[in-house]
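Below: one structure, written as C-alpha cells.
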Amino acid sequence: MNFDPIVIDPSACYRLMVNSITPRPIAWISSLSQTGVLNLAPYSFFTVASCNPPVLSVTQVNPRDRAAKDTLTNLRATGECVVNIVSENLAAIMNASCGDYPPDVSEFVALGIESATSHQVRAAGVKEANVRFECKLREILEVSSLPMGGHMMLLDVVNIYVNEAVLVDGQIAPHLIDTVGKLGGDWYSTTHERFEMQRPDVKNILK
Ligand SMILES: Cc1cc2nc3c(=O)[nH]c(=O)nc-3n(C[C@H](O)[C@H](O)[C@H](O)COP(=O)(O)O)c2cc1C
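The sequence shown runs 811 to 1017 under the numbering used here.
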C-alpha cells in the first residue's frame, strides 16, 4: 500500500510517521519565559544534529490553536533551555507535564517537580533527570508555518550534567540510564531488553 502525502491529510501523515518512526527519544525541555515562568514539556521529535560542535535538534509540530507552543516561545524570548533525559521512573510525571498548562503556570510548580540549578544557562533542569543538556538556541528552522508543520529548534549544548550513578567505567550504561521511548498514539517503550551487534568489518564481507 502506498500513500501520497499530497492526497492524504496532514493528520494521516502524522500518524504514519509517529507509528513507524519509533521508538523516539524524549527531550523533556525546561525553559524560562520572558517573565520568569519555568516551563517543562516533552518533545520526541528529538535527535543529535552534530557532535562537533554538540547540537541537538527538537521539532515543534505547530499547534492549530495558537502561534507557538510555550517552549518555542520561550526559546525565542530567552534563547536558553535544558533538555532533560527521561528514565523510566520519570515517565508518568513527564507525561503529566505535556498537558495544556497556561503559559503563566509552571509545570514544576503544578506537578511538584524538583528543579536543579544549571551551570551555564538560567533555566533550571529537572533534579531527578540522570542527564541534563544545558543548551543555547543556535537557530530556528521554519520548515512549515502551516498547522502541523514544523519548526526545528537547533540547540547548542553548553554543559552536560550526568548523574554518576548511571556511569560504568566512565560511560553511561544503558541499563542504568533506563530511558524510555515514544511510540505512536499513547504508547511508550522501555529499554529493558537489549541486544548487542558488532559493526561489520567490510574487509571480511568482501574478501
Ligand atoms: C512523550 C511526548 C512527546 C511529545 N513530542 C512532541 C514533539 O516532538 N513535538 C511537539 O510539538 N509536541 C510534542 N508533544 C506534545 C507537547 O508536549 C505538548 O503540546 C505540550 O503541551 C507542549 O508544551 P509547551 O507549550 O509547554 O511547550 C509530545 C508529548 C508527549 C507526551
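Idealized CB from N, CA, C, for every residue including glycine.
Outcome for residue i when other beta-carbon atoms lying within 10 angstroms are tallied against a minimum of 16
i	result
W838	buried
S830	exposed
S907	buried
Y824	exposed
Under 7 angstroms between C-beta atoms of residue i and residue j
i	j	result
S928	T881	no
L850	F918	yes
V990	A901	yes
K992	S854	yes
P833	F856	no
V976	N940	yes
A920	C891	no
M963	I982	no
F943	I970	yes
From the options, residue whose alpha carbon lies closest to that of residue i
i	options	result
A926	P912, V972, M1007	V972
P1040	K1013, S955, V893	For the chain, the structure presents residues 811 to 1017; residue 1040 sits outside this window and is missing.
D875	N884, P912, L977	P912
N872	E1003, N812, G959, E974	G959
G935	E952, S916, V953	S916
G798	R948, S860, F943, Y998	The structure shown does not extend to residue 798, since the chain spans only 811 to 1017, so no value can be given for it.
L885	G846, S954, M904, N905	G846
First and last residue of the uninterrupted alpha helix (DSSP H) at residue i
i	result
P864	Here P864 belongs to no alpha helix (DSSP H); instead the beta strand (DSSP E) covers 864-871.
F918	917-921
S841	S841 -> not in any alpha helix (DSSP H); beta strand (DSSP E) instead, spanning 837-842.
C823	820-830
I816	Element bounds for I816: n/a, residue is neither H nor E.
S884	Note that residue 884 is Asn in the sequence shown here, rather than Ser. Here the alpha helix (DSSP H) through N884 covers 880-888.
V1012	1012-1016
N905	901-906
N-terminal and C-terminal residue of the beta strand (DSSP E) that residue i is part of
i	result
D966	960-972
P957	Unbroken run through P957: none, as it is neither H nor E.
I987	Unbroken run through I987 is the alpha helix (DSSP H), 984-987; no beta strand (DSSP E).
Assumed close pair residue i, residue j - CB separation to whole angstroms, cut-off 8 angstroms
i	j	result
L965	L848	So it is not a contact: roughly 17 angstroms between Cβ atoms.
Q844	A887	4 angstroms
Q930	V868	At roughly 18 angstroms, the Cβ-Cβ gap does not stay under 8 angstroms, so Q930 and V868 are not in contact.
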